[in-house]
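Numbering (our numbering), first residue to last: 519 to 826.
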């Protein structure tokens with residue numbers, strides 16, 4: 519990533535100085551604390567995540583989610599909550615640490631996730647497990663070429679008893695929404711998700727309906743098949759916080775998957791019996807609101823802006 523360093527970041531009179539990094543230390547019920555800036559280490563090799571290359575001994579798919587306390591030994595409610603969520607998800611879903619971490623970051627940041635992977639890597643199981651762990655309602659939309667916008671948002675139907683129209687909510691009235699094979703529907707269908715993902719509201723027949731929070735859209739697409747698929751509109755791609763790539767698990771992870779699922783137990787029973795709910799929508803929203811208390815230094819904002 520050294521080529522991404524802007525030219526003005528290098529002093530004119532000498533060698534490049536490693537950038538000063540502001541690190542987020544913890545999120546707790548009382549607020550978010552930010553560590554002081556790390557001092558310059560001019561004589562030591564730079565270990566900043568903004569400079570240098572990734573060590574050859576560490577591949578992206580070998581990165582693991584740290585589930586231990588911080589180096590200073592402090593333990594916070596947010597860290598314990600995060601560890602509990604990871605622990606429950608790992609009861610059914612093995613590996614894909616970057617996918618799990620990115621999804622949780624998007625959840626607590628009010629964003630959405632686009633997952634790209636070949637079939638058979640457990641995307642649906644992961645989303646269902648996530649919904650049960652969080653105590654959130656879960657819904658799934660299987661995108662097809664003939665899917666209509668009203669199949670997503672809902673539509674008014676005529677009630678024979680009252681002799682009047684009433685609104686029948688669609689599958690988007692949930693908290694964790696799996697948009698499976700989202701690239702198999704045309705842009706007309708995708709347009710129904712634009713307002714939903716941006717404003718967390720649904721407008722039908724001139725009436726706006728608020729969605730329950732938290733609300734997370736997790737869309738999947740298969741990069742291999744091209745027949746019967748459509749490119750996602752730029753406006754919709756802009757509404758995803760992350761595009762996460764799920765790769766095949768490593769050998770030891772495949773062995774763990776075989777051991778875990780060797781018994782003839784239905785996956786629905788496993789989700790009901792082995793995965794516990796460790797949080798609630800109210801607690802998730804409380805942590806999300808605390809994100810607004812994070813102080814970001816102007817120099818860090820300028821650095822990010824220069825890269826983007």
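Cβ atoms here follow ideal geometry from the backbone N, Cα and C, with glycine treated the same way.
Here the C-alpha atom of residue 706 lies approximately 12 Å from the C-alpha atom of residue 753. Exposure of residue 666 is indicated by the presence of fewer than 16 other C-beta atoms within 10 angstroms of its C-beta.
Non-local C-beta neighbours of residue 747 in its own chain, meaning closer than 7 Å and more than five positions away in sequence, comprise 701 and 702, ordered along the chain. Fewer than three Cβ pairs drawn from the stretch 684 to 691 and the stretch 635 to 650 lie within less than 8 Å of each other, which leaves the two stretches out of contact. Fully enclosed alpha helix (DSSP H) runs of no fewer than 4 residues occupy 769 to 778, 785 to 792 and 799 to 808 of the stretch 762 to 808, in order along the chain. Around the beta carbon of residue 773, fewer than 16 other beta carbons sit within 10 angstroms, so the residue counts as exposed. If you check the CB distance, residue 742 and residue 643 do not come in under 8 Å. Distances from the CA of residue 739 to each of 762, 720, 728 and 730 were compared; the closest alpha carbon is that of 762. Secondary structure of residue 620 (DSSP, three-state): helix.
With distances taken between CA atoms, residue 648 lies nearest to 792 out of 768, 815 and 792.
The residue among 612, 758, 745 and 597 with its C-alpha nearest the C-alpha of residue 765 is 612. Proximity of the stretch 596 to 609 to the stretch 730 to 738 falls short of the contact definition, fewer than three beta-carbon pairs being nearer than 8 Å. Around the beta carbon of residue 691, 16 or more other beta carbons sit within 10 angstroms, so the residue counts as buried. Residue burial is scored here from C-beta neighbours: residue 813 has fewer than 16 other C-beta atoms within 10 angstroms and is therefore classed as exposed. Residue 658 is bridged by DSSP to 696. Cβ-Cβ distances below 6 Å link residue 769 to nothing in the same chain once the five nearest sequence neighbours on each side are left out. A straight line joining the alpha-carbon of residue 656 with that of residue 704 spans about 24 Å.
Between the C-alpha atoms of residue 777 and residue 610 there is a straight-line separation of about 11 Å. Of all alpha-carbon atoms in 720, 802, 606 and 711, the one lying nearest the alpha-carbon of residue 625 is that of 802. Cβ neighbours of residue 673 within its own chain (closer than 8 Å, five residues either side excluded): 685, 686, 688 and 722.
Residue 826 counts as exposed, since fewer than 16 other beta carbons sit within 10 angstroms of its beta carbon.
Contact check for residue 796 against residue 630 fails: the beta carbons are separated by 8 Å or more.
Residue pairing for residue 682: DSSP places it in a beta bridge opposite 677. Residue range 734 to 739 is occupied by the beta strand (DSSP E) that includes residue 737.
Counting the other Cβ atoms within 10 Å of the Cβ of residue 724 gives fewer than 16, which makes it exposed. Taking residue 662 as the centre and dropping the five residues before and after it, the same chain places the C-beta of 702 and 703 closer than 7 Å to its C-beta, in chain order. At least 8 Å separates the beta-carbon of residue 799 from that of residue 640. Within the stretch 605 to 650, the complete alpha helix (DSSP H) segments of 4 residues or longer fall at 615 to 627, listed in chain order.
When DSSP reads this structure, residue 706 sits in no beta bridge, so it has no partner. Sixteen is the threshold: when 16 or more other Cβ atoms of the shown chains lie within 10 Å of the Cβ of residue 715, as they do, the residue is buried. Residue 693 has its alpha-carbon roughly 17 Å from the corresponding atom of residue 807. Bridge pairing for residue 602: absent [DSSP].
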